[in-house]
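Asker: The structure under discussion is supplied below as C-alpha cells; questions concerning it will follow.
Residue numbers (this note's numbering): 3 to 521.
Okay, structure coming up:
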C-alpha cells in the first residue's frame, strides 16, 4: 500500500470509527483490508474500503434463505402502471453484528486491526440476512411492495393507489429507522429501471447501460476471462435474444482452454461477437404475461442446441414474452436420439418459466410426434424419467400443436413474430409517451402532490451516513461449520457460532488454517 493509500485508509478508518461502524479489536481471525478505485469511486472522488473475506467465508454455514428471481419480481408487478424505486443507504450497515460474532469480521490495515459492529459487505450470507430482514418488515405489503435485497420497488395500478402505498412505505421506514438514499430514489413514474431492465405497463426492455457494456467489448477478446465476462453480460440479456445458443456454439472450445494451453482466437469468433452486438442493437420489447392472456410455447432442437419461445396471443397475432435456449453437452449431443433432444427442449422451457405456466392452460407447439406421444402417456423417455413425469403432472396443456418444420424454419417463424411484436411495441410506446407527459404535467402543476411524493424521502433520510443503532434491533450472528449450536436470542437472525474455548484460528486470503482439524 503506497503513502496515498495509507492516508486515505487512515481517513476512512477514522470516519468509520466516528460513525460507530467499526472499533479497534484483537482477533485470531485476520482478513486483509484494502482500497479500490473503480469507476464509481473515481466519480465520487473517494476510494472504498474492501475486505477480502474469502477465508472466513469458506467455513461459514450457508444460509439458504430465498432471494427472489428477476422473473418472479416481474411477474408480481403485472398490471401496474405507476412505479417508485428506493435504495437503502449503507444497507448492510443497518444490521448490527452479534457480539460473539464480531471476532470473525476482523480485518487488518496499516493502522492496526479492527472489528465490525455492523454487518460488513463481502461476508457470506449477508444478502440472505438482509433479504430476510426486509421481507419480515414488509411482509404485509407484498401486493404492491417488492424487495430485492436493498432495492425496493413499489408498483401500483393508479396514481391514487400509489400515493397511498408511498405513505405506507414512508411510515414503515420511519417506524423502523431505515435510511434511504435520496440520490437513488425514483418517485411516481410510469417507466422505471429495476434490476437491469426497463419496466412499464406494456412490457420490459433491457437497460441502455447493459447494452453499452456489450458494445464496449472489443470484437477480439484477448483471453478466456475476457470471453467469460463478455458472455456473462450477454447471458444477462438472454431472455431478449432469440436462440442465443446458436451464437455461443463456436465459443465452447475456447471456454475449455486451460492456463497451459494456447489461446486460439479465430475469425469465426470475431464474427460471432459482431453478430451478438448486432442482435443486441435490435432487441425486442417483451410483454409481461397477464393472468387472462392465452400463452403459446414454441420449442425445438437440432443436433447441438435447443430453443424455446414464450408468446402471448394478441388481437393482431402473437407477441414474445421470453426467449431461452442452450447447447447440449458433448455427451448429450453424441448419445441422445433426436426424440430425447426434442423433449429436453420442452422440459427446459417448462422448468424455465414455471411462474408463467404452472397451473395454467397454454398451447405447446413443437415438431416431433414422439414428444406428443410422451405427453399423452404413450411413450417413455429414459432421461430424467422421474423428474419428467413430475413436470407432466404439474402442467396442463390447452392443446398440443405439431409443427412439421425444422429448426431453421422455426427460426424464421420466431423472427417474423419478433418483427411484428416490435411494430406493435412502437405503437404502445407512442401511447405511453402521452401518458407519461400527462403525469409529468400534473406533477409540475400540483406542488402539493409533488411534496407529498417527496415526503417519504425527507421523513426517512437523516443527514448522517447511517442511523443510530438501537438496542432492540436484530443482530446478525455467524455460524461456523462444525461448531456447537447455542440457543439464540429471539432477536438474532440465526444461531450463534460456538468455537471451543481457547481455539485458535488464522484466516488468510489463501485459505483457512486452524489448530483443530474439525474446524
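Cβ atoms here follow ideal geometry from the backbone N, Cα and C, with glycine treated the same way.
In the DSSP output, which residue or residues are listed as bridge partners for residue 319?
Answerer: For residue 319, which the question treats as bridged, DSSP gives the partners 316.
Asker: Quick one: what's residue 34 bridged to in DSSP?
Answerer: In DSSP, residue 34 forms a bridge with 110.
Asker: Given residue 17, which residues of its chain have a CB within under 7 Å of its CB, disregarding the five upstream and five downstream residues?
Answerer: For residue 17, where only same-chain residues beyond five positions count, there are no Cβ hits under 7 Å.
Asker: Taking the continuous beta strand (DSSP E) assigned at residue 77, which residues delimit it?
Answerer: That residue, residue 77, is in no beta strand (DSSP E); its alpha helix (DSSP H) goes 72-78.
Asker: Quick one: what does DSSP say residue 49 is sitting in, helix, strand or coil?
Answerer: Looking at residue 49 - three-state DSSP - the assignment turns out to be coil, as it is neither helix nor strand.
Asker: How big is the Cα-Cα spacing for residue 204 and residue 10?
Answerer: Rounded to the nearest angstrom, the two C-alpha atoms are 48 Å apart.
Asker: Would you say residue 148 and residue 157 are within 8 Å of each other, going by their C-beta atoms?
Answerer: Yes. Within cutoff.
Asker: Output yes or no for whether 8 Å exceeds the beta carbon distance between residue 97 and residue 25.
Answerer: Not closer than 8 Å, so no.
Asker: Residue 4 to residue 111, Cα distance in whole Å?
Answerer: C-alpha separation (whole angstroms): 12 Å.
Asker: Rounded to the nearest angstrom, what separates residue 324 and residue 313 at their Cα positions?
Answerer: So the two alpha carbons sit approximately 7 Å from each other.
Asker: I need the boundaries of the alpha helix (DSSP H) containing residue 229, first residue and last residue.
Answerer: Its alpha helix (DSSP H) spans residues 226-238.
Asker: Which residue marks the beginning of the beta strand (DSSP E) containing residue 205, and which one marks its end?
Answerer: Taken as a continuous stretch (DSSP letters only), the beta strand (DSSP E) holding residue 205 covers 205-208.
Asker: Return no unless some Cβ of chain D is closer than 8 Å to the Cβ of residue 38.
Answerer: Protein chains in the displayed structure number just one, and chain D is not present.
Asker: Which residue wins for smallest C-alpha separation from residue 88, given the options 342, 225, 183, 271?
Answerer: Checking every option, the nearest Cα to that of residue 88 belongs to 183.
Asker: Quick one: using the 10 Å Cβ neighbour count with 16 as the cut-off for buried, is residue 308 buried or exposed?
Answerer: By the neighbour-count rule (16 or more Cβ atoms within 10 Å), residue 308 is buried.
Asker: According to DSSP, what are the bridge partners of residue 324?
Answerer: For residue 324, which the question treats as bridged, DSSP gives the partners 312.
Asker: Between which residues of its own chain and residue 222 is the CB-CB distance below 7 Å, once the five residues before and five after are set aside?
Answerer: The residues are 267, 272.
Asker: From 250, 192, 288, pick the residue whose C-alpha is nearest to that of residue 270; which is it?
Answerer: Looking at the Cα atoms, 250 is the closest of the given residues.
Asker: Given that a residue counts as buried once 16 or more other Cβ atoms are within 10 Å of its Cβ, and exposed if not, what is residue 361?
Answerer: Classification of residue 361: exposed, given that the 10 Å Cβ count is below 16.
Asker: Per DSSP, what kind of secondary structure is residue 118 in: helix, strand or coil?
Answerer: Residue 118: strand per DSSP, three-state reduction.
Asker: How close, in whole Å, do the beta carbons of residue 364 and residue 297 come, if the pair is a contact with beta carbons under 8 Å?
Answerer: Their Cβ separation, rounded to whole angstroms, is 4 Å, which keeps residue 364 and residue 297 in contact under 8 Å.
Asker: To the nearest angstrom, report how far apart residue 198 and residue 23 are at their CA atoms.
Answerer: Residue 198 and residue 23: Cα-Cα distance of roughly 30 Å.
Asker: Taking a contact to mean a Cβ-Cβ separation below 8 Å, would you say residue 154 touches residue 133 in this structure?
Answerer: Not in contact: residue 154 and residue 133 (Cβ atoms no closer than 8 Å).
Asker: Are the Cβ atoms of residue 73 and residue 357 separated by less than 8 Å?
Answerer: Yes, the pair counts as a contact, with Cβ atoms nearer than the cut-off.
Asker: What are the start and end residues of the beta strand (DSSP E) that includes residue 199?
Answerer: Unbroken beta strand (DSSP E) run through residue 199: 199-202.
Asker: Beta carbon of residue 104, beta carbon of residue 57: below 8 Å?
Answerer: In this structure, residue 57 does not lie closer than 8 Å to residue 104 by Cβ.
Asker: If you compare alpha carbons, which of 253, 55, 200, 265 is closest to residue 107?
Answerer: That would be 55, whose Cα lies nearest to the Cα of residue 107.
Asker: Considering residue 26, what are the terminal residues of the alpha helix (DSSP H) in which it resides?
Answerer: Element bounds for residue 26: not the alpha helix (DSSP H) but the beta strand (DSSP E), 24-26.
Asker: Can you list, in chain order, the residues of its chain whose CB lies under 8 Å from that of residue 229, leaving out five sequence neighbours each side?
Answerer: Hits under 8 Å: 223, 253, 256, 257.
Asker: Pick helix, strand or coil for residue 307, following the three-state DSSP scheme.
Answerer: Strand, per DSSP.
Asker: Just to confirm my understanding: we take residue 295, look at its own chain, exclude 5 residues before and 5 after, and list those with CB closer than 6 Å. What are they?
Answerer: Excluding residues within five positions, the ones whose Cβ falls inside 6 Å are 314.
Asker: Which class does residue 259 belong to by DSSP, given the choice of helix, strand or coil?
Answerer: If DSSP states are grouped into helix, strand and coil, residue 259 belongs with coil.
Asker: Go ahead and pull the three-state DSSP assignment for residue 249.
Answerer: The answer is helix: DSSP assigns residue 249 an H, G or I state.
Asker: Grouping DSSP H, G and I as helix and E and B as strand, with all else coil, what is residue 417?
Answerer: In this prediction, residue 417 scores a pLDDT of 44, lower than 50, which makes its location untrustworthy; the coordinate-derived value is nonetheless stated afterwards. If DSSP states are grouped into helix, strand and coil, residue 417 belongs with the helices.
Asker: Taking all protein chains shown into account, decide if residue 83 is buried (16 or more other Cβ within 10 angstroms of its Cβ) or exposed.
Answerer: Its Cβ being crowded by 16 or more others within 10 Å, residue 83 is buried.
Asker: Run through DSSP, which three-state label would residue 287 get?
Answerer: In this structure, residue 287 counts as coil in the three-state DSSP scheme.
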